[in-house]
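In my numbering, the protein residues as written are 42 to 419.
Ideal placement from N, C-alpha and C gives every residue a C-beta, glycine not left out.
Only one structure is covered here, and it is reproduced in the block below.
As structure tokens, this is what we get:
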């Protein structure tokens with residue numbers, strides 16, 4: 042049998058993680074598969090022949106995309122040239138809908154079957170994207186049961202594999218071991234700060250989180266703070282922001298799961314990290330602030346009342362959301378202090394997070410997803 046060539050496209054860090062794991066599992070099922078496309082270090086390490094460093098494509102918001110429109114355009118053209126040269130047997134598009142749905146149209150013209158992995162958030166905004174998916178995507182493999190039900194109402198071949206984070210989010214040390222590793226006091230209340238994985242998020246949200254930490258420290262006795270640092274960003278970026286706080290805020294490199302597992306509470310940037318925090322079971326507040334134009338467009342097109350995926354899954358507010366103008370140190374600190382001061386509120390939040398975790402399906406989602414993708418070319 043001839044070697045199967047597969048295009049895989051991931052345009053941001055969370056997509057790179059899921060793409061790399063999917064590649065590993067598909068290769069375990071069929072070692073002769075050859076992958077090429079867009080991805081980051083994780084995809085490259087998994088064996089993908091990457092043609093561009095996606096760290097330059099991990100853009101958030103309309104303004105940031107427009108500033109880099111020529112780079113994105115060049116990458117898009119280069120990718121299509123590579124597709125025409127390689128003639129892949131299958132394309133796997135991972136999240137990143139602004140880029141990938143446009144690409145799906147071109148792949149359809151070339152009669153290349155397309156599997157979409159990680160659904161665009163059509164249930165929140167962009168319902169018109171469903172029509173593109175119906176026309177251009179052969180199968181969509183989704184993380185949430187409600188997504189499968191939604192797509193099937195449009196007669197789209199959708200398969201709920203469960204969420205792969207159930208297999209990857211693991212706390213590998215005890216709370217006391219993690220606290221000791223970072224010089225933290227086991228008798229103090231530990232609050233984790235998760236400011237995101239992009240430079241723009243760190244520069245925008247970490248100063249707000251640090252200011253919130255100062256207010257929390259003034260209002261609650263015996264609190265301590267630790268930042269979960271994203272490995273792909275420079276340490277100096279974090280230290281510069283933290284140094285002005287006057288607090289002894291620790292920094293953990295590439296150890297987010299253990300940090301969250303050891304924390305009594307977390308302040309988390311909206312995104313994948315909120316779901317990871319929910320799986321671990323740590324109470325949290327969700328924070329986000331975007332470019333004003335981006336936020337205005339989001340508010341105009343959004344069809345649901347929540348941004349945090351934890352609340353979207355639960356269809357109610359489990360974790361407070363502090364967004365845009367509400368994302369102030371005063372509001373964030375008040376939300377954290379009120380919950381840490383009320384055992385009943387903490388218990389209710391933990392029960393809600395457990396319900397979210399149980400809705401994500403059973404472990405083994407990664408392998409189920411790999412089989413669902415492979416069946417398209419088999």
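Nearest residue (CA-CA) to residue i, options the options
i: residue 294; options: 275, 206 and 363; result: 275
i: residue 229; options: 410, 266 and 279; result: 266
i: residue 80; options: 72, 90, 71 and 74; result: 90
i: residue 137; options: 391, 51, 366 and 232; result: 51
i: residue 365; options: 305, 347, 297 and 173; result: 347
i: residue 197; options: 215, 172 and 214; result: 172
i: residue 140; options: 114, 163, 153 and 162; result: 114
Spatial distance of residue i from residue j (CA atoms)
i: residue 416; j: residue 404; result: 20 Å
i: residue 82; j: residue 93; result: 10 Å
i: residue 311; j: residue 282; result: 20 Å
i: residue 349; j: residue 123; result: 36 Å
i: residue 363; j: residue 57; result: 27 Å
i: residue 279; j: residue 299; result: 19 Å
i: residue 49; j: residue 181; result: 14 Å
i: residue 384; j: residue 308; result: 18 Å
i: residue 78; j: residue 204; result: 24 Å
i: residue 410; j: residue 178; result: 16 Å
i: residue 258; j: residue 61; result: 40 Å
i: residue 268; j: residue 151; result: 46 Å
i: residue 367; j: residue 126; result: 50 Å
i: residue 84; j: residue 67; result: 13 Å
i: residue 169; j: residue 401; result: 26 Å
i: residue 195; j: residue 263; result: 54 Å
Cβ shell of residue i (< 6 Å), same chain only, five flanking positions each side left out
i: residue 397; result: 319, 351, 354 and 355
i: residue 238; result: 54 and 271
i: residue 219; result: 299 and 303
i: residue 149; result: 177
i: residue 407; result: 62, 66, 205 and 208
Same chain only: Cβ atoms within 8 Å of residue i, ignoring 5 sequence neighbours per side
i: residue 260; result: 374 and 378
i: residue 193; result: 199
i: residue 370; result: 249, 252, 253, 255 and 256
i: residue 45; result: 71, 73, 74, 75, 130, 131 and 418
i: residue 59; result: 51, 135, 136, 158, 159 and 205
i: residue 119; result: 92 and 93
For residue i, the three-state DSSP class (helix, strand or coil)
i: residue 401; result: coil
i: residue 112; result: helix
i: residue 117; result: helix
i: residue 415; result: helix
i: residue 46; result: strand
i: residue 348; result: coil
i: residue 153; result: coil
i: residue 387; result: helix
i: residue 291; result: strand
i: residue 180; result: strand
i: residue 358; result: coil
i: residue 103; result: With a pLDDT of 43 at residue 103, under the threshold of 50, the modelled position of that residue is not reliable, and no figure is offered here.
i: residue 123; result: helix
i: residue 262; result: coil
i: residue 94; result: strand
i: residue 68; result: helix
Neighbourhood of residue i by C-beta, 7 Å cutoff - its chain only, sequence neighbours within 5 removed
i: residue 245; result: 330
i: residue 147; result: 121
i: residue 316; result: 206, 350 and 351
Check whether the stretch 277-291 and the stretch 206-220 are in contact - that is, three or more C-beta pairs closer than 8 Å.
no
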